[in-house]
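Written below as structure tokens is the structure these notes are about.
Protein chains: 2
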Amino acid sequence: MPDYPINDPLHSALFTDLYELTMGQAYDAEPMAASAVFELFYRKMPSTRRYIMAAGLEDVLNYLEAFSVTESDIEYLAEQKLFTKKYLDQLRGLRFTGDVFAVPEGTLVFPNEPLIQVVAPIGLAQIVETFVLNQIHFQSVAAAKAARIVRAAEGRMVVDFGSRRAHGVDAALKVARVSYLAGAAGTSLVLAGKRYGIPIFGTMAHSYIQAHDDETEAFRQFATIHPQTTLLVDTYDTLEGVRKVIDLSRRMGADFQVRAIRLDSGDLADLARSARTMLDESGLGDVRIFASSGLDEYEIQELVRRGAPIDAFGVGTSLAVSDDAPALDMAYKLVEYAGRPRMKLSMKKVLYPGRKQFFRETASGKMVRDTLARADESLPGEPQLIPVMRGGERVCENCASLAEAREHARRELDRLPDQYHRLERDGDAYPVAISEGLARDLDSIRNSLERSTARAAADRVR
Amino acid sequence: MPDYPINDPLHSALFTDLYELTMGQAYDAEPMAASAVFELFYRKMPSTRRYIMAAGLEDVLNYLEAFSVTESDIEYLAEQKLFTKKYLDQLRGLRFTGDVFAVPEGTLVFPNEPLIQVVAPIGLAQIVETFVLNQIHFQSVAAAKAARIVRAAEGRMVVDFGSRRAHGVDAALKVARVSYLAGAAGTSLVLAGKRYGIPIFGTMAHSYIQAHDDETEAFRQFATIHPQTTLLVDTYDTLEGVRKVIDLSRRMGADFQVRAIRLDSGDLADLARSARTMLDESGLGDVRIFASSGLDEYEIQELVRRGAPIDAFGVGTSLAVSDDAPALDMAYKLVEYAGRPRMKLSMKKVLYPGRKQFFRETASGKMVRDTLARADESLPGEPQLIPVMRGGERVCENCASLAEAREHARRELDRLPDQYHRLERDGDAYPVAISEGLARDLDSIRNSLERSTARAAADRVR
Chain C
-7 MPDYPINDPL HSALFTDLYE LTMGQAYDAE PMAASAVFEL FYRKMPSTRR YIMAAGLEDV
53 LNYLEAFSVT ESDIEYLAEQ KLFTKKYLDQ LRGLRFTGDV FAVPEGTLVF PNEPLIQVVA
113 PIGLAQIVET FVLNQIHFQS VAAAKAARIV RAAEGRMVVD FGSRRAHGVD AALKVARVSY
173 LAGAAGTSLV LAGKRYGIPI FGTMAHSYIQ AHDDETEAFR QFATIHPQTT LLVDTYDTLE
233 GVRKVIDLSR RMGADFQVRA IRLDSGDLAD LARSARTMLD ESGLGDVRIF ASSGLDEYEI
293 QELVRRGAPI DAFGVGTSLA VSDDAPALDM AYKLVEYAGR PRMKLSMKKV LYPGRKQFFR
353 ETASGKMVRD TLARADESLP GEPQLIPVMR GGERVCENCA SLAEAREHAR RELDRLPDQY
413 HRLERDGDAY PVAISEGLAR DLDSIRNSLE RSTARAAADR VR
Chain L
-7 MPDYPINDPL HSALFTDLYE LTMGQAYDAE PMAASAVFEL FYRKMPSTRR YIMAAGLEDV
53 LNYLEAFSVT ESDIEYLAEQ KLFTKKYLDQ LRGLRFTGDV FAVPEGTLVF PNEPLIQVVA
113 PIGLAQIVET FVLNQIHFQS VAAAKAARIV RAAEGRMVVD FGSRRAHGVD AALKVARVSY
173 LAGAAGTSLV LAGKRYGIPI FGTMAHSYIQ AHDDETEAFR QFATIHPQTT LLVDTYDTLE
233 GVRKVIDLSR RMGADFQVRA IRLDSGDLAD LARSARTMLD ESGLGDVRIF ASSGLDEYEI
293 QELVRRGAPI DAFGVGTSLA VSDDAPALDM AYKLVEYAGR PRMKLSMKKV LYPGRKQFFR
353 ETASGKMVRD TLARADESLP GEPQLIPVMR GGERVCENCA SLAEAREHAR RELDRLPDQY
413 HRLERDGDAY PVAISEGLAR DLDSIRNSLE RSTARAAADR VR
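If you read the protein sequences in the order shown, they are chains C and L. Residues in the first sequence are numbered consecutively from -7, following our numbering. Residues in the second sequence are numbered consecutively from -7, following our numbering.
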């Protein structure tokens, strides 16, 4: 028995755009039931980014494994007066029976590289589009954001504090998960800790201090109940708050086990330096300094460059909403149907036709180049798409745990050359070549489509 | 029995930041159990916005009504080695027993105005912070985004197409809901239609055309199975696609009932004009033109200004992620504890102390000014915060249906003066005055906090 609720949007077959179902009915009626290949990729790197980190596969596989249309779904669809009884009956028994190829979570991906490839009867492959895109798109954007933030911290601990500003409850959970995937130490969101087994962190809020008539008394109470805690010192006057912590350490003596103070406003570098000096001079060299306050990767980089003695960062909004690039031009496109490559002609967008693979070459432990190729080509480097589902069932020798995916992400980030880690806008793009085979296919199908469009226009003129 | 699943994050008491629980344990131990007032508001208007539209209350009330900590939650918390048995026992029986005051969904709100006021024992009011912020913040930002888009369309239909790019499944559902609240005609997301009873819309995807060997044949098949449909004409060559639709209308005769064509690339104004002319000249004056293609409120405004003959807009990414302003500086702050007003002193941020109300004045059917006041003041204009929950139970004479909230939103947008509807950056701010009573309280508590900080510093010097 599945342990998820039947109306959970993470497991609802109706988490789909209406046109997926109207197309499904058309395919069913014509009938067109041959196998299709859809690939999910993004077209253009946002100007602030040099890479995206694949994430969300786990949710997609869970969804596909459990895919089914409930009776109440059928009733709702019937009320729309759009669907035939025949198609509704077909939906009633529908399960996901396709194959899925994907890059493992934590893999760095560049424009035009497929993150996921779904191979299934066309109507079925189409229905799952909305969910697949919804999960992979956001999680991959957010994972890369988290990786940038972790990198900027240069080894200092980063904790996700973004749950309150993430776009809904699903986003909050996924931000916590992909932050950990990308190297963060953990999250403040308790439910994410429970669900994903990732470490949870917490300090205290201003409200706790405000509710007490006296700041020192608030510190004393909290440090008594939670000895190894972090005390928030900036409610009224930051350095005065630090002095109160020092006073408290004298009064409590050996009972004082406070691990850190938290700064949440003002010039964090200056305040951290002053606080560090005050703590050190008072024999509190072991008390760490935790900083938060609308931080992003740019501010963290600047604090690190300025040598601010900050030991850990809590990052909220910018991480939770991926503020520099909240969305990518990511698409789930038909590239093959009934064994023939497919494409669309569009003014500015190129869609590489046919089922693909891509290869990653490294030298001296660093990534050198990727090559996007036909699925049947074998090129230098490591093929990136691996089978993760066959006939609707997970290929579990390839199922990575979150801990394994995190280790894979770390290796990927390590082997990415430094220039692609820089935070500057419009930096160099990591090179993605197109194989000769794929270039030939693109030319050939483009020519044939253009010829047929020209022929149709000519026919009309006659 | 609740009809929601116990592990649904929309109903999990662990959808909370860890510090809410560590503070809760401290309050429980001290003990501090007096009533607190928390207010949720935002501090600063994003430069692109002139208003925010309150939304998300329905989810908050559902959450508070159902609030409870499960046995598996308790087990997880016990494993963290942070909590006493006494506190865990207290959590086990915890229900939300507080009062809630709020502005109805659809109300326009400006900086510093409370959207929600939670009155409850301090530890309890604190635990629900993360969820309340998570839902109200995103839904209110997204509702205002949708309102801008709907307004830019000047009466033309707007449909939410954003599910695939929204940040997770919860965001996709909420974007659909608040788009409808703000005046959109509906959504493409089937599950949102089922859950909220809002109209669903769908056309067809490029993949459908690509999967067929011939575009005209694809149109014919789809229009046969779904007679009153919308045909997507830009897969290969937009105007050639329009010609094929016209040919099809001749071939099908009376069976041709296609309602619209969809343009999804290129210069939409030029293409719409050419398509309109072609359709009209072929006796297809009733076939509407639907446009999509990375649209936002600015592009829609421009298309409308250019007189593009577009009848409806599908809006995806920009709406789904609220791209001009994906987050607000929204906070849930303690303003009163045990009957005394509270505040914090911070370098740049003002927090108005004490429990508040705000009043909206209108003249000739248009909004003139709001005044933020003490809760016990009675000022000209209409008080905006109303009771929505008493002792943990909804005050249902105030429960608005989505349809009623949508009507309220329409009235709010109608009575907002035109200058605040303009899309230009850094326009005039709608005036929010501070009552004399509130200004006096702010001065008085600020002076007393500054005096006590100065006194502490002086004591130290002695």
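Quick reminder that beta carbons are idealized off the backbone N, C-alpha and C, glycines included. Treat the numbers as computed from the prediction; the structure is a model and nothing was measured.
Counting only runs of 3+ residues fully inside the stretch 305 to 335 of chain L, write out the beta strand (DSSP E) ranges in chain order.
322 to 329
Where A448 (chain C) meets chain A, residues with beta-carbon distance less than 7 Å:
The structure shown contains no chain A; the protein chains it does contain are C and L.
Roughly how many angstroms separate the alpha carbons of D(-5) (chain L) and C391 (chain L), rounded to a whole number?
For this step, residue -5 (chain L) is matched to residue 3 along the second sequence. For this step, residue 391 (chain L) is matched to residue 399 along the second sequence. For D(-5) (chain L), the predicted model reports a pLDDT of 44, less than 50, meaning its position is unreliable; a value from the coordinates is still stated below. D(-5) (chain L) and C391 (chain L): Cα-Cα distance of roughly 19 Å.
Just checking: is the beta-carbon of T8 (chain C) within a distance shorter than 7 Å of some beta-carbon in chain L?
Along the first sequence, read from residue 1 onward, the residue named residue 8 (chain C) stands at position 16. Yes, its Cβ sits closer than 7 Å to a Cβ of chain L.
Given this structure, state the Cα-to-Cα distance separating D226 (chain C) from G233 (chain C), to the nearest angstrom.
Taking the first sequence and counting its residues from 1, one reaches residue 226 (chain C) at position 234. Taking the first sequence and counting its residues from 1, one reaches residue 233 (chain C) at position 241. Roughly 6 Å between the two C-alpha positions.
Along the chain, which unbroken stretches of the alpha helix (DSSP H) at least 4 residues long are found entirely within the stretch 338 to 418 of chain C?
394 to 407
Indicate whether at least one CB of chain L lies closer than 7 Å to the CB of P3 (chain C).
Locating residue 3 (chain C) in the first sequence gives position 11, counting from the first residue. Per the sequence shown, the amino acid found at residue 3 (chain C) is His instead of Pro. Answer no: the Cβ-Cβ gap between H3 (chain C) and chain L never drops below 7 Å.
Determine which residues share a DSSP beta bridge with M149 (chain C) and list them.
Within the first sequence, numbered from 1, the residue matching residue 149 (chain C) stands at position 157. Paired residue(s): C:A304.
For my contact list, A21 (chain L) and A174 (chain L) are in at a C-beta cut-off of 8 Å; report their separation, rounded to the angstrom.
The sequence position of residue 21 (chain L) within the second sequence is 29, counting from 1. The sequence position of residue 174 (chain L) within the second sequence is 182, counting from 1. With 8 Å as the limit, A21 (chain L) and A174 (chain L) do not qualify as a contact, their Cβ atoms being about 45 Å apart.
According to the Cβ coordinates, are Q213 (chain L) and Q249 (chain L) closer than 7 Å?
Within the second sequence, the letter at position 221 stands for residue 213 (chain L). Within the second sequence, the letter at position 257 stands for residue 249 (chain L). No, they are not a contact pair.
Can you pull the DSSP bridge partners for R280 (chain L)?
Within the second sequence, residue 280 (chain L) is the residue found at index 288, counting from 1. Answer is L:A252, bridged to R280 (chain L).
Could you check how far apart the C-beta atoms of L430 (chain C) and L364 (chain C) are, in whole angstroms? I think they sit under 8 Å.
One-based indexing of the first sequence puts residue 430 (chain C) at position 438. One-based indexing of the first sequence puts residue 364 (chain C) at position 372. The Cβ separation is near 6 Å, so the contact holds.
Classification of G357 (chain C) by the beta-carbon crowding that lies within 10 angstroms, buried from 16 upward
Looking up residue 357 (chain C) in the first sequence gives position 365. So G357 (chain C) ends up on the exposed side.
Buried or exposed for P333 (chain C), please, with buried defined as at least 16 other CB atoms from any protein chain shown within 10 angstroms of its CB.
What you label residue 333 (chain C) is simply residue 341 of the first sequence in a count that begins at 1. With 16 or more Cβ atoms within 10 Å of its Cβ, P333 (chain C) is classed as buried.
Run through the stretch 175 to 214 of chain L for me and flag every whole alpha helix (DSSP H) of 4 or more residues, listed as ranges in chain order.
182 to 188 and 198 to 203
Pick from L:D362, L:D316, L:Q127 and L:F351 that is closest to L415 (chain L), judged by C-alpha positions:
Counting from 1 along the second sequence, the entry for residue 415 (chain L) is found at position 423. Out of L:D362, L:D316, L:Q127 and L:F351, L:D316 has the C-alpha closest to the C-alpha of L415 (chain L).
Any contact of the stretch 292 to 303 of chain L with the stretch 289 to 307 of chain C, i.e. 3+ C-beta pairs under 8 Å?
no
Could you give the uninterrupted runs of the alpha helix (DSSP H) lying entirely in the stretch 13 to 89 of chain C, keeping only those of 4 residues or more?
49 to 58, 63 to 71 and 77 to 84
Under 9 Å (Cβ pairs) to chain L, residues found in the stretch 194 to 208 of chain C
G194, T195, M196, A197, H198, S199, Y200, I201, Q202, A203, H204, D205, D206, E207 and T208
Based on the DSSP secondary-structure assignment, which residues constitute the bridge partners of A158 (chain L)?
As a working note, residue 158 (chain L) is residue 166 in the second sequence. Partner(s): none; A158 (chain L) has no beta bridge.
L183 (chain L) touches chain C at which residues, Cβ-Cβ below 8 Å?
Stepping through the second sequence from its first residue, residue 183 (chain L) is reached at position 191. Neighbours of L183 (chain L) on chain C, chain order: P1, S4, L6, F7 and T8.
Quick check on T457 (chain C): buried or exposed, where buried means 16 or more other Cβ atoms within 10 Å of its Cβ?
Residue numbering for chain C in the displayed model covers -7 to 454; residue 457 (chain C) lies beyond these limits and cannot be assessed.
For L224 (chain L) and D256 (chain L), believed in contact at Cβ under 8 Å, the rounded distance:
The count along the second sequence starts at 1 and reaches residue 256 (chain L) at position 264. The count along the second sequence starts at 1 and reaches residue 224 (chain L) at position 232. Right, the Cβ-Cβ distance comes to about 6 Å (below 8 Å), so this counts as a contact.
Within 8 Å, do at least three Cβ pairs link the stretch 74 to 87 of chain L to the stretch 36 to 52 of chain L?
no
Can you find the residues in the same chain that come closer than 8 Å, C-beta to C-beta, to I192 (chain C), ignoring five residues on each side of it along the sequence?
To locate residue 192 (chain C), count along the first sequence from 1; it is residue 200. Counting only Cβ-Cβ distances below 8 Å, and skipping sequence neighbours, we find G178, T179, S180, L181, V182, A184 and G185.
From M339 (chain L) to F102 (chain L), what does the alpha carbon distance come to, in whole angstroms?
Translated into positions along the second sequence, residue 339 (chain L) becomes position 347. Translated into positions along the second sequence, residue 102 (chain L) becomes position 110. Caution applies to M339 (chain L), whose pLDDT of 49 falls short of 50 and renders its modelled position unreliable; the value that the coordinates give is listed next. Straight-line Cα distance between these residues: approximately 22 Å.
Enumerate in chain order the residues of its own chain whose CB-to-CB distance from D418 (chain L) is below 8 Å, with the five nearest sequence positions on each side excluded.
Position 426 of the second sequence, counted from the start, is the residue given in the question as residue 418 (chain L). For D418 (chain L), where only same-chain residues beyond five positions count, the Cβ hits under 8 Å are S39.
Terminal residues of the beta strand (DSSP E) in which L224 (chain C) lies:
As a first step, residue 224 (chain C) must be located in the first sequence, where it is residue number 232. Looking at the DSSP string, the run of the beta strand (DSSP E) that includes L224 (chain C) is T222 to L224.
First through last residue of the beta strand (DSSP E) which encompasses A425 (chain L):
Taking the second sequence and counting its residues from 1, one reaches residue 425 (chain L) at position 433. It spans V424 to I426 - the beta strand (DSSP E) in which A425 (chain L) sits, taken as one unbroken run.
To the nearest angstrom, report how far apart R157 (chain L) and G160 (chain C) are at their CA atoms.
As a position in the second sequence, residue 157 (chain L) is number 165, starting the count at 1. As a position in the first sequence, residue 160 (chain C) is number 168, starting the count at 1. Rounded to whole angstroms, R157 (chain L) to G160 (chain C) spans 13 Å at the Cα level.
With A112 (chain L) and S27 (chain L) assumed to form a contact (beta carbons below 8 Å), what rounded beta-carbon distance in angstroms separates them?
Position 120 of the second sequence holds residue 112 (chain L). Position 35 of the second sequence holds residue 27 (chain L). A112 (chain L) to S27 (chain L), Cβ: 7 Å. Contact.
Which two residues bound the contiguous alpha helix (DSSP H) that contains F130 (chain L)?
One-based indexing of the second sequence puts residue 130 (chain L) at position 138. Run containing F130 (chain L): E121 to A144, per the alpha helix (DSSP H) assignment.
is_contact[K166 (chain C), chain L] using C-beta, thresh 7 Å:
Within the first sequence, numbered from 1, the residue matching residue 166 (chain C) stands at position 174. Yes, K166 (chain C) counts as interfacial toward chain L.
Checking contacts by CB at 7 Å: is N104 (chain C) closer than that to chain L?
Stepping through the first sequence from its first residue, residue 104 (chain C) is reached at position 112. Not one chain L Cβ lies under 7 Å of N104 (chain C).
In chain L, which residues lie less than 7 Å from T122 (chain C) when you measure between Cβ atoms?
As a working mapping, residue 122 (chain C) is identified with position 130 in the first sequence. Within chain L, the residues near T122 (chain C) are S155 and R156.
Quick check: is the beta carbon of A365 (chain L) nearer than 7 Å to any beta carbon in chain C?
If you number the second sequence from 1, residue 365 (chain L) lands on position 373. It does not: the Cβ of A365 (chain L) has no partner Cβ on chain C nearer than 7 Å.
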